[in-house]
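Residue numbers (the working numbering), protein chains in the order written: chain A, 1 to 357; chain B, 358 to 470.
The beta-carbon is built from N, C-alpha and C at its ideal position, and this holds for glycine as well.
Since this is a predicted model, take the numbers as computed values, not measurements.
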Ligand code: SF4
Ligand code: SF4
């Protein structure tokens, strides 16, 4: 079934929030709202961890394009079918491969987007990374597998190359999944999960890992990950005979289209209050920006995918692009923090791998 | 002085914790106990949240309905489960009324020839 898009990207709508400077002004109480919240940087200073430093680069995360077959209401990438221009080219991917091969501390290549599989070089790049013996993660939105016949064999391809699949399924509810991701997404996602199961994903002893991502479908924080995982497992098995490995509960960060939703629904202040109330200093040491480097489609380097979407490049000006990648300098950099970081430190913390504490 | 012109103000939910200001020892004991009650135990935290949602409807507390609608979602309950919980609450309330029908029937019998 074809997905009915919720709308267009902020960029296509020429919404003010497509300007990252404007987003940062909002987060700092200088635009759209007068609410100012205590500075995140001060919180990190108070526990003696400022400036926040990397622990070493282990995960090389690439956002290879903003093109996507969905336009989810909460998307922090502002991705969608109308984002045709921002896609990583082969030259940049080759440069990334050189870095991945040269830096032994990088054990994982984490490929995201948009729908990364829509990048024409995706399969070639996965194969090259696997030749280097690196673990490869595909952040797959599921529906891409059934969106077009040319993607129908993705489960086989991913299985053949032992790629770990991390897929979004916000809820076991058609109503709430579709209201966040577009009409028809739930049904297509279930079909795609069954196809992944068919080739062995999520099954004991297959060695093929299928992890799901749950994120709230509104202005609230996720509940406990272990309990959510148990409930997802029970319901998916009972209703659709689907199995998977782990569930990652991820907090929505107040940026991009989720920030748009918060402002438009009048939930911005109360959401920030919830994040602040749930601030958990013990998560700071394990924030994902400490062991990850995030690369944009045009090769710039960021501390994480969220900083990338706010255009907050790494602080090391002489090593801020794949063309001048210098591991020594990057390992010593100060991580750029701002008010959106509260989304990573609420409750049990949140990262691309779910809870962190 | 409170400027509220309503008995129920959604903002008051956030001030629940302030009840300790007038009686600290009891308030503190209540919140400790409350926290313990809602922790995962023999029942999961999600099951407890659904029970709380059902009870909130029977005691018709708008604050509790507000808090536990969100909490149920956060704990992974779906809207079908939440509505079923409300039906359970309603069925008990309805049944509790109807079961008195037996008393009514007894009285009718006692006073009839
Ligand atoms: S599938 Fe992912 S990248 Fe695509 S619009 Fe939805 S959240 Fe954004
Ligand atoms: S958004 Fe999260 S991961 Fe990124 S820099 Fe802030 S705390 Fe680190």
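In this chain, the beta strand (DSSP E) harbouring residue 110 of chain A covers 108-112. Residue 467 of chain B and residue 459 of chain B have their alpha carbons spaced roughly 12 angstroms apart. Rounded to whole angstroms, residue 289 of chain A and residue 414 of chain B show a C-alpha spacing of 44 angstroms. Residues of chain B with a Cβ closer than 9 angstroms to the Cβ of residue 227 of chain A are, in chain order, 397, 401, 402, 403, 432 and 433.
The closest CA to that of residue 6 of chain A, considering only A:272, A:319 and A:177, is found on A:177. The alpha-carbon of residue 87 of chain A is positioned some 34 angstroms away from that of residue 50 of chain A. The beta carbon of residue 336 of chain A sits closer than 8 angstroms to at least one heavy atom of ligand 2. Taking the Cα positions, residue 375 of chain B is about 15 angstroms away from residue 277 of chain A. The beta carbon of residue 427 of chain B falls within 9 angstroms of a beta carbon belonging to chain A, placing the residue at that interface. Not a single CB atom of chain B sits nearer than 9 angstroms to the CB of residue 13 of chain A.
At a C-beta separation below 8 angstroms, residue 436 of chain B has these neighbours in chain A: 173, 175 and 176.
Assignment of residue 224 of chain A by DSSP, reduced to helix, strand and coil, places it in the coil class.
Neighbours of residue 223 of chain A in chain B, taken as residues whose beta carbon is under 8 angstroms from its own, are 402, 403, 428, 431, 432 and 433 in chain order.
Residue contact check for residue 372 of chain B against chain A: no CB pair falls below 9 angstroms. Taking C-beta separations shorter than 8 angstroms and ignoring five residues to either side along the sequence, the partners of residue 36 of chain A in its chain run 28 and 29, following chain order.
For residue 248 of chain A, the secondary structure class from DSSP, reduced to helix, strand or coil, is strand. For the pair of segments examined, the segment 204-214 of chain A was found not to touch the segment 397-414 of chain B: the number of CB pairs separated by less than 8 angstroms stays below three. Look at residue 213 of chain A here: in three-state DSSP terms it is strand. Secondary structure note for residue 138 of chain A: its beta strand (DSSP E) is the uninterrupted segment 135-140. Listed as beta-bridge partners of residue 61 of chain A by DSSP are A:110 and A:294. Assigned with DSSP and collapsed to three states, residue 164 of chain A falls in strand. The beta carbon of residue 253 of chain A sits closer than 7 angstroms to those of 76, 306, 340 and 343, all from its chain and outside the five residues before and after it, given in chain order.
The criterion of a C-beta distance shorter than 9 angstroms is satisfied by residue 161 of chain A and residue 126 of chain A. The beta-bridge partner set that DSSP reports for residue 80 of chain A consists of A:67.
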